[in-house]
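Participant: First the structure, then my questions, so here it is.
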Amino acid sequence: MALNVTFAVSTWLWTSPFNKETVKLFPKIKSYGYDAVEIPVEDPALIDINFVKDALADNELSPVICGAFGTSRDLTHDDPAFHQTCFDYLDSCFEIASELGAGFVAGPMYSAVGKARLVSPEQKKIEWNRAVTNLRKVCNRAGEFGLEIALETLNRFETDLINTAEELMQLITDINEPQAKALLDGFHLNIEEPNIEHAIKTVGDKLIHVQVSENYRGTPGTGQTNWAAWKRGLEAINYQGLISIESFTPDVKELAGAVCIWKPLVPSQDGFAKDGLEFLRKWAAD
C-alpha cells in the first residue's frame, strides 16, 4: 500500500546557520521535487520573516521550523536563567513558525543537546520533572500561537534524558498538554530501537513529523536502515505527514563537529538530496 506522505529536506544538508543567503537554496529544492523545506532556527535574528515568506511562496514550498538547543537553551539546568533563555528562544521560534504558516516547532527541546552523563536516579528524576514542568509552559505558549511542539528522541551520545519512543511517550503523557506531539528521526532510532516498527506504533497518532537519513547519516537507501519496517509502522498508524531528509555537510565545521561528521558522506550534497528523494518516493509508492 502506498503511503500518503509528502517530502521535505533540511537546509542543514548544505549550510548553517539559516539566513537570507540560505533562501537561495529554495529554487533548487523545489526543482528536485520537494514539497517542503526544513528551516533550522539557530539564531532567530538572522531570519527575515517576510523575506523567507515571499521565497516560500515563490517556490511553492511549505515550511517546517526546527529548533537548535545548545548549552544555553536547557530546560533541565539547575539555574532557572537557562530555562528563561530557552523560553525566550522558543518564543522567537513560535513567532517565526506562526508568521510562515508552519503548524509546529520541532526538536529535542527538553534539554540541551550533548548533555549526556550517567547521573543518579535522584538527579534524573529532578531533571525529568523540570523538563515536564517547563514543557507544559512551552506547550501553553505554543497554543497561544496556534502551534504544536514536536519532541524528538536523540541517541545516547547526544542526551541521557529521552532516547526511545517509549521514553518519549512517557514524557508526552506526563506533560499532558494537547500541544505535545512526537518527532521520530531514523538516525537515532537505528541506534536506540530494537524494533523500528514497534517504535513507530508506540508513538501512534502523536507522530506529526519524521526525519530520515541512513544509519550512517548518508543518503536514504544506501545503508542498513530497515525501510520495510518503517513502512509497516507508518502504514499501521496511518501517518500522512511529511518525511524529511536531515543530514549535514562537513564543510560547516561547527555544525559538523557537533554531530561528529569528520569527512564527506557523499560526493555531492546536491546528489544526496536528489538521490534520497528518488529513493523515498519509490519506497513510499511501492
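Quick note: the sequence shown uses the working numbering, first residue 369, plus one each step. Each residue gets a CB set at the ideal place from its N, CA and C atoms; glycine is no exception.
Cα-Cα, which of Val571, Gly438, His445 is closest to Pro408?
Facilitator: Of Val571, Gly438, His445, the residue nearest in Cα terms is Gly438.
Participant: Taking the alpha-carbon of Val627 as reference, which of Asp542, Phe525, Val634, Ile543 has the nearest alpha-carbon?
Facilitator: The shortest C-alpha separation from Val627 is found at Phe525.
Participant: Tell me whether Gly639 is buried or exposed, calling it buried when 16 or more other Cβ atoms sit within 10 Å of its Cβ.
Facilitator: With fewer than 16 other Cβ atoms within 10 Å, it is exposed.
Participant: Quick one, which of His451, Gly469, Asp459 has its alpha-carbon nearest Glu406's?
Facilitator: Per the Cα distances, Gly469.
Participant: Between the region 517-534 and the region 560-573, can you find at least three pairs of beta-carbon atoms closer than 8 Å?
Facilitator: Enough Cβ pairs lie closer than 8 Å, so yes.
Participant: Check Cys461 in the structure and name its three-state DSSP category.
Facilitator: Cys461: helix per DSSP, three-state reduction.
Participant: What's the C-alpha gap between Asn544 and Glu495?
Facilitator: Between Asn544 and Glu495, the C-alpha separation is close to 17 Å.
Participant: For Lys549, count the other beta carbons within 10 Å of its own beta carbon; 16 or more makes it buried, fewer makes it exposed. Which is it?
Facilitator: Lys549 should be labelled buried.
Participant: Name the two residues that bound the continuous alpha helix (DSSP H) containing Lys549.
Facilitator: Segment 548-553 is the beta strand (DSSP E) holding Lys549; no alpha helix (DSSP H) there.
Participant: Confirm, please, whether the CB-CB distance from Leu633 to Gly589 is below 8 Å.
Facilitator: Cβ distance not < 8 Å, so Gly589 and Leu633 don't count as in contact.
Participant: Using CA atoms only, rank isn't needed, just tell me which of Ser612, Lys574, Asp553, Arg509 is closest to Cys461.
Facilitator: Looking at the Cα atoms, Arg509 is the closest of the given residues.
Participant: Identify, in the order they occur along the chain, each residue of the same chain with its Cβ nearer than 6 Å to the Cβ of Leu387, setting aside the five sequence neighbours on each side.
Facilitator: Looking at the sequence itself, residue 387 is Asn, so the reference to Leu does not match. Taken in chain order, the residues that qualify are Leu414.
Participant: How about Thr541 and Pro476: are their beta carbons less than 8 Å apart?
Facilitator: Contact flag unset, no.
Participant: Since Val473 and Leu515 should fall inside the 8 Å C-beta cutoff, what is the C-beta to C-beta distance between them, to a whole number of angstroms?
Facilitator: Confirmed, Cβ separation roughly 6 Å.
Participant: Leaving aside the five residues before and after Leu575 along the sequence, list all residues of the same chain whose C-beta is less than 8 Å from its C-beta, in chain order.
Facilitator: The answer, listed in chain order, is Lys549, Ala550, Leu551, Leu552, Ile568, Ile605, Tyr607, Gly609.
Participant: Among all the DSSP beta bridges, which residues are the ones paired with Lys483?
Facilitator: Answer by DSSP bridge pairing, in chain order: Thr527.
Participant: To which residues of the same chain is Gly591 closer than 6 Å at the C-beta, ignoring the five residues directly before and after it?
Facilitator: Result list for Gly591: Glu582, Asn583, Tyr584, in chain order.
Participant: Return the residue from the list Ile611, Lys398, Leu503, Lys396 that minimises the CA-CA distance to Asp459.
Facilitator: The residue with the shortest Cα to Cα distance from Asp459 is Leu503.
Participant: Just reading off the beta strand (DSSP E) that Glu438 is part of, what are its end residues?
Facilitator: For the record, residue 438 in the displayed sequence is Gly; it is not Glu. Segment: none, Gly438 is in no beta strand (DSSP E) and carries neither H nor E.
Participant: Closer than 6 Å by C-beta to Val578: which residues in its own chain qualify, once you throw out the five before and the five after it? Chain order, please.
Facilitator: So the qualifying residues of the chain are Leu552, Ile611.
Participant: Could you tell me whether the Cβ atoms of Thr570 and Met537 are closer together than 8 Å?
Facilitator: Taking 8 Å as the Cβ cut-off, Thr570 and Met537 qualify as a contacting pair.
Participant: With 16 as the cutoff for other CB atoms within 10 Å, does Gly644 come out buried or exposed?
Facilitator: When all chains shown are included, Gly644 counts as buried.
Participant: Buried or exposed for Ser399, please, with buried defined as at least 16 other CB atoms from any protein chain shown within 10 angstroms of its CB.
Facilitator: Exposed, by the Cβ-count rule.
Participant: Nearest-angstrom Cα distance between Gly511 and Ile517?
Facilitator: Going by the C-alpha atoms only, they are around 9 Å apart.
Participant: Could you name the residues that DSSP lists as bridge partners for Ser466?
Facilitator: For Ser466, which the question treats as bridged, DSSP gives no partner whatsoever.
Participant: Of the choices Leu519, Glu646, Val391, Arg649, whose alpha-carbon is the least far from that of Ile417?
Facilitator: Checking every option, the nearest Cα to that of Ile417 belongs to Val391.
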